[in-house]
Amino acid sequence: LRFAYELPNGTLGTSFDGVLGEIYSSLLRAWNGEIELCGGSMGGYNTFHYAIKSKYKIVAADVLCPCCNMEYELYCNANHLFRSYFEAVMEDTEDFAAYVRDNSPVNMADKLPKIPYRFAVGLKDMTLVVSQHSDLMIERMLAAGHDVTRMDYPEVAHCNLPHADRSFAERPLPRSPDG
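Position 18 (the sequence shown) corresponds to 54 in the numbering used here; numbering is contiguous.
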């Protein structure tokens with residue numbers, strides 16, 4: 037997606053990345069260069085990836101019922117909605133199994149930045165099996181020395197925290213030691 041836009045300072049650009057860069061720059065000035073991440077389900081998957089690859093200072097992350105184990109979804113849950121994701125990716129890589137393995141957050145715990153992570157886990161999640169996603173990810177993160185807090189929601193299914201519990205994402209996370 038490419039389009040023209042005018043930045044507040046009057047300069048002209050032509051890329052979507054330029055727009056995002058300007059937005060990030062404005063927000064980073066307001067936040068003193070620090071970013072807290074939050075994402076649920078595939079947004080949780082992206083939270084882990086962004087924490088590793090970001091050029092910005094990530095200081096904490098909240099995840100809600102995150103997708104953490106793509107290998108499980110591929111090999112044990114073939115009729116799942118992730119099938120279309122896998123089919124799309126298959127065209128972009130020569131070693132599909134390695135791609136899935138290397139991009140599954142459960143296999144990336146040692147690469148994640150040492151910041152506080154907070155998991156909200158819906159114990160009635162039928163979309164992403166808790167033992168194969170949140171439980172396994174938390175276990176591997178703790179083994180890698182991460183600061184992880186887990187909050188269980190016994191009556192919650194996939195990513196549907198009741199309104200009263202949504203303060204989960206609004207409560208400040210503890211800062212990383214250098215943040």
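The beta carbon of each residue, even a glycine, is placed where N, CA and C say it ideally should be.
Asked                                                                                                                                                                  : Found
Applying the criterion that 16 or more other CB atoms from any shown protein chain within 10 Å of the CB defines a buried residue, is P190 buried or exposed?          : exposed
Please specify which runs of the beta strand (DSSP E), each continuous and at least 3 residues long, are wholly inside the segment 76-147, giving them in chain order. : 93-100
Since D183 is in the beta strand (DSSP E), which residue starts that stretch and which ends it?                                                                        : D183 to Y189
For V142, which option in S170, G79, V184 and R154 has the closest C-alpha, if you only look at C-alpha atoms?                                                         : S170
Is the number of C-beta pairs between the segment 97-117 and the segment 68-81 that are closer than 8 Å three or more?                                                 : yes
Taking a contact to mean a Cβ-Cβ separation below 8 Å, would you say C103 touches M78 in this structure?                                                               : yes
What do you reckon, are the CB atoms on Y153 and H194 nearer than 8 Å?                                                                                                 : no
Below 6 Å CB to CB, which residues in the same chain sit around Y108 once its five sequence neighbours on both sides are set aside?                                    : Q168
Is the separation between the beta-carbon of G158 and that of N113 shorter than 8 Å?                                                                                   : no
By how many angstroms is the C-alpha of M106 removed from the C-alpha of R137?                                                                                         : 7 Å
Please return the same chain residues whose Cβ sits closer than 7 Å to the Cβ of M126, not counting the five positions on each side in sequence.                       : F132
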